Every structure is written in structure tokens, then in C-alpha cells.
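**Q** Residues 0 to 628, numbered by numbering that gives the first Met the number 0, are exactly what the sequence shown covers, in order.
Heads up, the beta-carbon is just placed ideally off N, CA and C, and yes, glycines get one too.
No experiment lies behind these values; they were computed from the predicted model shown.
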Amino acid sequence: MALLIEDYALVGDGRSAALIGRDGSVDWLCWPRFDASACFAALLGTREDHGHWRIAPAGAATTTRRYLDDTLVLETTHETPEGVVRVLDYMPVEDGTHLVRLVEGVRGRVAMRMDLVVRFDYGSAVPWVSRSENDDLRAIAGPNKLVLRTRAALKGVGQSTVSDFTIEEGRSTAFVLSYGLSHEEDPPPIEPRKVLSGTVDYWRSWCRRCRGGTPWDSVLTRSLLTLKALIYRPTGGIVAAPTTSLPEEIGGVRNWDYRFCWLRDSTFTLLALMDAGYIDEARAWRDWLTRAVAGSPAQAHILYGIAGERLLPEIELDWLPGYEGSRPVRVGNAAAQQFQLDVYGELFDALYQAHQRGMRADESGVRVGRALLDHLERVWREPDEGIWEVRGGRKHFVHSKVMAWVAFDRAIKFYEEHVSDNEPTAGDEASVARWRATRDEIHREVCDKGFDKERNSFVQFYGSKDLDASLLLIAHMGFLPQDDPRVVGTVEAIGRDLMHDGFVLRYDTSGQSTDGLPAGEGAFLPCSFWYADNLIGLGRCEEARALIERLLALCNDVGLLAEEYDPVRKRQVGNFPQAFSHVALVNTLLNFSRAVGPAKERGGDPDAAAEQAGERPVMLAQAAQGAAS
0 MALLIEDYAL
10 VGDGRSAALI
20 GRDGSVDWLC
30 WPRFDASACF
40 AALLGTREDH
50 GHWRIAPAGA
60 ATTTRRYLDD
70 TLVLETTHET
80 PEGVVRVLDY
90 MPVEDGTHLV
100 RLVEGVRGRV
110 AMRMDLVVRF
120 DYGSAVPWVS
130 RSENDDLRAI
140 AGPNKLVLRT
150 RAALKGVGQS
160 TVSDFTIEEG
170 RSTAFVLSYG
180 LSHEEDPPPI
190 EPRKVLSGTV
200 DYWRSWCRRC
210 RGGTPWDSVL
220 TRSLLTLKAL
230 IYRPTGGIVA
240 APTTSLPEEI
250 GGVRNWDYRF
260 CWLRDSTFTL
270 LALMDAGYID
280 EARAWRDWLT
290 RAVAGSPAQA
300 HILYGIAGER
310 LLPEIELDWL
320 PGYEGSRPVR
330 VGNAAAQQFQ
340 LDVYGELFDA
350 LYQAHQRGMR
360 ADESGVRVGR
370 ALLDHLERVW
380 REPDEGIWEV
390 RGGRKHFVHS
400 KVMAWVAFDR
410 AIKFYEEHVS
420 DNEPTAGDEA
430 SVARWRATRD
440 EIHREVCDKG
450 FDKERNSFVQ
460 FYGSKDLDAS
470 LLLIAHMGFL
480 PQDDPRVVGT
490 VEAIGRDLMH
500 DGFVLRYDTS
510 GQSTDGLPAG
520 EGAFLPCSFW
530 YADNLIGLGR
540 CEEARALIER
550 LLALCNDVGL
560 LAEEYDPVRK
570 RQVGNFPQAF
580 SHVALVNTLL
590 NFSRAVGPAK
600 ERGGDPDAAA
610 EQAGERPVML
620 AQAAQGAAS
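1) So, is the C-beta of T62 closer than 9 Å to a C-beta in chain C?
2) Output needed for N533: all residues of its chain with C-beta closer than 6 Å, excluding positions within five of it in sequence on either side, in chain order.
3) For S159, write down the residues that DSSP places opposite it in a beta bridge.
4) Apart from the five residues just before and just after H395, which ones in its own chain have a Cβ nearer than 6 Å to its Cβ?
5) In its own chain, which residues sit with a C-beta less than 7 Å from the C-beta of T266, not counting the 5 before and 5 after it?
6) Which residue marks the beginning of the alpha helix (DSSP H) containing P143, and which one marks its end?
7) DSSP on R641, reduced to helix/strand/coil?
8) Using the beta-carbon count (16 or more within 10 Å), is T160 buried or exposed?
9) Determine the burial state of V330: buried for a count of at least 16 other Cβ atoms within 10 Å of its Cβ, exposed for fewer.
10) Following the continuous beta strand (DSSP E) through H398, name the residue where it begins and the one where it ends.
11) Counting pairs of Cβ atoms below 8 Å between the region 126–133 and the region 49–66, do you hit three or more?
12) Considering only their Cβ atoms, is the gap separating I139 from L73 smaller than 9 Å?
13) For S325, count neighbouring C-beta atoms within 10 Å of its own C-beta (all shown protein chains included) and say buried if the count is 16 or more, exposed if not.
14) Which residues bound the beta strand (DSSP E) around W52?
15) Along the chain, where does the alpha helix (DSSP H) that runs through L546 open and close?
16) Where do the ends of the beta strand (DSSP E) carrying D565 lie?
17) Once DSSP output is grouped into helix, strand and coil, what is the label at C209?
18) For G11, collect the residues of the same chain with a Cβ closer than 8 Å to its Cβ; drop the 5 residues on either side in sequence, then sort them by chain order.
19) Compare the beta carbon distance of F478 and V378 with 9 Å and say whether it is the shorter of the two.
20) How long is the line joining the alpha carbons of P576 and R290, rounded to whole angstroms?
21) Leaving out five residues on either side along the sequence, give the residues of the same chain with a beta carbon under 6 Å from the beta carbon of F413.
22) If you check the beta carbons only, do I237 and R356 fall under 9 Å apart?
23) Report yes or no: do the region 187–204 and the region 94–104 share at least 3 C-beta pairs separated by less than 8 Å?
24) For R454 versus G426, is the C-beta spacing smaller than 9 Å?
25) Among G197, G250, D286, whose alpha-carbon lies nearest the alpha-carbon of Y231?
26) Please state if the CB of S244 and the CB of V328 are separated by a distance shorter than 9 Å.
27) CB G521 to CB Q571, shorter than 9 Å?
28) Mind reading off the beta-carbon distance from F164 to M111? Whole number of angstroms is fine, and I expect it under 8 Å.
29) What number of angstroms, rounded off, separates the C-alpha of S131 from the C-alpha of R137?
30) Near P296, which residues of its chain fall below 6 Å by C-beta distance, leaving aside the five closest residues on each side in sequence?
31) Go ahead and pull the three-state DSSP assignment for A59.
32) If contacts are defined as beta-carbon pairs under 8 Å, then L559 and T225 qualify, I think. What distance do you get, rounded to the angstrom?
33) Report the partner residues of T165 according to the DSSP bridge assignment.
34) If we call anything under 9 Å between Cβ atoms a contact, is A40 one with D26?
35) Looking only at C-alpha atoms, which of M476, F259, L269, F450 sits nearest to D341?
36) How many Å lie between D200 and S217 at the Cα?
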């Protein structure tokens, strides 16, 4: 059975990523892309049946692990009665498709065991294993091929490959697993130590560009490294997570494939990258966005494949028992076909924020934007599936309407700040007049139908009494000021009624059928970060700092967060590591530590210009100083 989710660490190369357990087992790896079929799928099944690759002491050991500073090179140290051994796991960024496992003797003499069970197509295909003329191990099934190169002696045991070897102090043994297509020549060999040096240099050079300045810069850097690892380098697309079907509730059915790119993550991700100093990555993400949404506006999707693919059919893999029995296991995502108004707001806000930072929009992008707005003018009054991609029927979700407002608001601002200087045409002015009228109509409707006076709070959808954590974004979108009594009332209501053991739930899944699924899930971690952002905006910085510290304590021993946290079982749940959780973490740390953080940038705080000039709020400065001490 797989380990706890938080017992895994991530290594990656900007094309794919592997999850390696605390016990030295690679239990998840999809090659050659994040969204390819897995060759090790024990995470969702069993190691013997569905594939894994373990290197560890043959006997009992005490294990610790860490990343080499400012890298994605994982160092696992095993201490046994006979000695100490260290395993370095890494995926070279520039040298093809390889996973390297370098075993080094630190002290004494340690008996080691390697077990390799390759199962292509998510554990369903047993490969044909043979030796090459160079005595390399070759495993082939259909189009896929893995080649294992090592000086250690290998032998076949059943349908697996094992190696029993001894590592002594000062000696090392390398295992290099490489992916290739079965009809092509074997991937060329690499020199493990030379590649290690280049990999370390690559990640440390990247980290040197980070602009931190928070009381938690080491956590900030690790989250940014995790985001970098989830960027598919050829296109700039960022996967929500490198995994599929890790459950939101252990044993439940809320198991989804997150190896795709969601538009709603756009602005959050752009601001996290840009504000931390990573303009190239932000530009690549912006360019991916504009390519992905190009085409008929009526066919815009909420999520796309990492190269912009639109066909992402959802199927169930019935041969996999699921993580701790959580079924079904799904690949693909039917939410790609849903109608969600909020993505239009995210898209326009992302492009506007990018333009504000010097990323000039090209004429083609402007035309695409106009077409999308024309479409949004026709459809914004319709109900949708909302930010949480419900499967219980469309509603007039308040957050969705707010984001429709954002789309028109950002388009108007873009026109006023950048287009109007270039001799606007009568058609331009007529379009902007319509956008203003639509923006104002949406605002009136949301305030009238989306606010419940008895609860003194905005609600999940028109006519509802239910709360929703997405309402915490109202001020950050600039829809209303942070200190508006309706916003304050909403924050207080969510803190009172959606808080569970100190963490904010997305919404109450019990006693309702809005999402069309059985009740029960963990606390979606970005929601708690959004709550902290609101506390910061309201000047309640000591409360915010306490919540931030509680959230950071959820990171596992190597600084990674899943999608959700189960406060009852006290463990991480959902896909892992989750980009949205780390994006929210980065943005909240910047919100807390800077006079003008991402929340104020998005919300258009009228005091932002003065604060950028150095008028830092006294309470914020004092709270940051307290956190640093």
C-alpha cells in the first residue's frame, strides 16, 4: 500500500515529475510528460502489481531526508546499525528524460536492495524485459521503453528486477533509468555525477533570481521551486498537480485528474511568479494562456492540456484499487466541458496584470479578447458550474458573477490606460460604453441578489443561505473595498461558520446537493490563505500571522503541500503537490510582508501608489517584525 501523501517528495525536470516515498520507493512517474500514462502507479494501487522502484537498506534503518539547498535534488539518508548511506534522487533538466539515483556510502558498510517493477499504462501492461548488447536492462511494452543502466549486478525475480549490493564508506553506485520510444534507439547514456553538478547549478541559479523579503523566505523559495517543477517547459503551461485521483476524502469518490492547466489559476500564478522576480516564467504562462483560448469564444474551456489540448475525456481505470481504496481512479477531466463564468474574469485579470508589468499585448491577443468579451456580454446572465466545478446542476454563483464583472472591469481599465492614447475609433468608444453598462449592471445585481441581509454576508448563489470561501476574493478582485461592511460581514461569517479546527472549508458539503457528490472532504488549503489575506487587509495582522504559521506547519518535512488537509485525520489529502496551494502560500506571504502585495495589486487599492512609495502600514510592519523574531 502507498505511504501517507505527506511522506512523498517531488523531483522533476520541467517535463514530468516523480513522487518518491520516505522509504526510497518511486511510487508515481508518468513519462515522457506530466499527463502521459504512468510506468510506476503504486500510488494508486500496489507496488507488486502496479509498478514501483525502491532503493533502500536491506534491513531496518532510520531515515531522514531533505532537498539540497535551493534545488530539486532530494537527499535521503538511511542510518543502520552497520553504517550510514545516502541516496541522491534527481531528474536532469537539460539531458533528456532520466531519473538518476546515486547511492553513496557515508559510514561503515550497508547492505542495500533495489527492487524495480515496471508496469506501463497505469500498471496494466507488463513489459518484455531483455538485455542490450551493452548489458543494459531494457523494458518494452507498446510504444514505451525504459532503459536501466548501472554497474550493480541485476537479476530477474518473477516479473521484477532486483539488485542486492553493499555500499561502503567513500564508495558510490549509480542507477540511471531513461525513457525512450520503443521504435527508436536507446536513450544515450549520461554521466551521473556530471549531470548532478549541472542539475544543482541549474536550480541554484534559478533561485538566485528570487525576490523574497518575507519572514519565511525559505518556505517561499521552496514553494516557488515547486511551481517551477510543475511548469511544462516546452509550452509554459503549469499543471495543477503531477498526480491524478489522490482523494479529497480517504475512501471517497472525489478523485480527479489534476495533470492539466486551469485558467482560474492564471492571475494567482502570474502574480506569484512576477512578484517573486520570475518574469520569464510569467511571460511563458501568459503566452500559453493566449494560445490556449484562441479560437471560437463559445468554445472556450476552463482547463486545457499542457500544450493547449481541448479533448480531455474522463475515463475510469477499474484495474486500480485507488489510494487507500479511494475509487474510482480517473484520468482525463470532464470538467473541461463545463461552463464556468469565472474563468473569463481570471483570464482578463491575468492579461491586464501582465500588461501592467510591461508584457505588451499583441494585436492578435487584443482581437481574441474583444471576441471573448462579445461572447461574455451574451452569456453572463446564465447559471454556471462555478469555481468548484459542481456536478449537481448549474447555479447563479456569486463568485462567478463577480468574476464576470472583473472581466469587463479589466477590459475597461486596459482601454483607459493603454488604448485610449492611440486615437480610439468610434467603435472602440461604443464598445467601452457597453462594457461599462454591463459592468455596472452586474455589480447592481450581485449586491441585490447575492447578499443576504439576515446573514450580513454574501452567499454561495442567488437565493441561497449557504456560504462559500470563494466570497473571500470579493475585495481582492476590486469588486468592493476591503472595509466595506458587506465584505467585513462576509469574512466574519466565513470565519464563524466555515472554519473547522482552524481551517476554512470551501463550503459545507453536508446537507446539500449543490455539488452533486456525497458529503465529506478536507479543508481546501487556498481558502485558508485567502482568509489570511482578508485578515491582513482588515489590519488584523496578528491573527493573520497565527493562521499563516498554522498553515505553514502543514507542509511536510520537505516543504510540500497537497490540495487539502483533513483536520480530523490530521493528514494531507488531495492531489500532491498542489500548485494552487503553493501559489496561495506565496501570495499570502507577499501580502503579509509587503506594503503592496498581490491582493492589493489585484484589487486596485487606492492607497497602493502611496504605499509603494514607502508608506508602510505600522501594524503590518510590527507584525512582520514579530514573525521574523
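**A** With the structure as the only source:
1) Included in the structure is just one protein chain, with no chain C present.
2) Apart from the 5 residues on each side of it in sequence, N533 sits with its Cβ closer than 6 Å to the Cβ of L471, V490 in its chain, given in chain order.
3) S159 is bridged to V156.
4) For H395, the CB contacts under 6 Å within the same chain, skipping 5 residues up- and downstream, are P382, F460, Y461 in chain order.
5) Cβ neighbours of T266 beyond the five flanking positions: E345, D348, A349, Q352, R601.
6) Per the sequence presented here, residue 143 reads as Asn, with Pro not at that position. N143 -> not in any alpha helix (DSSP H); beta strand (DSSP E) instead, spanning 143–149.
7) Residue 641 falls outside the range modelled here, since the chain spans only 0 to 628, and no answer is possible.
8) Buried, because 16 or more other Cβ atoms sit within 10 Å of the Cβ of T160.
9) Around the beta carbon of V330, 16 or more other beta carbons sit within 10 angstroms, so the residue counts as buried.
10) No beta strand (DSSP E) holds H398; the alpha helix (DSSP H) holding it covers 397–413.
11) Not touching, per the Cβ criterion.
12) No, the pair does not count as a contact, with Cβ atoms beyond the cut-off.
13) A buried status is given to S325, since no fewer than 16 other beta-carbon atoms sit within 10 Å of its beta-carbon.
14) Run containing W52: 51–56, per the beta strand (DSSP E) assignment.
15) Residues 540–551.
16) Segment 563–565, the beta strand (DSSP E) holding D565.
17) If DSSP states are grouped into helix, strand and coil, C209 belongs with coil.
18) Contacts found: A17, L71, M90, A228, L229, P241.
19) No, these two residues do not count as a Cβ contact at 9 Å.
20) Distance between the alpha carbons of P576 and R290: 26 Å.
21) Y351, listed in sequence order.
22) With respect to R356, I237 sits apart: the two C-beta atoms are not nearer than 9 Å.
23) Three or more beta-carbon pairs separated by less than 8 Å link the region 187–204 to the region 94–104, which places the two stretches in contact.
24) If you check the CB distance, R454 and G426 do not come in under 9 Å.
25) Nearest option by C-alpha distance: D286.
26) Yes, Cβ-Cβ distance for V328 and S244 is below 9 Å.
27) With contacts defined as CB atoms closer than 9 Å, G521 and Q571 qualify as a contacting pair.
28) At roughly 5 Å, the Cβ-Cβ gap stays under 8 Å, so F164 and M111 are in contact.
29) Straight-line Cα distance between these residues: approximately 7 Å.
30) These residues qualify, in order along the chain: A370, L371, H374.
31) The three-state reading of DSSP puts A59 in coil, since its state is none of H, G, I, E or B.
32) Sure, about 6 Å apart at Cβ, within 8 Å.
33) According to the DSSP secondary-structure assignment, T165 is paired through a beta bridge with A110.
34) Between A40 and D26, the C-beta gap is smaller than 9 Å, which places the two residues in contact.
35) For D341, the nearest C-alpha among the options comes from M476.
36) When rounded, the distance between both Cα atoms is 18 Å.
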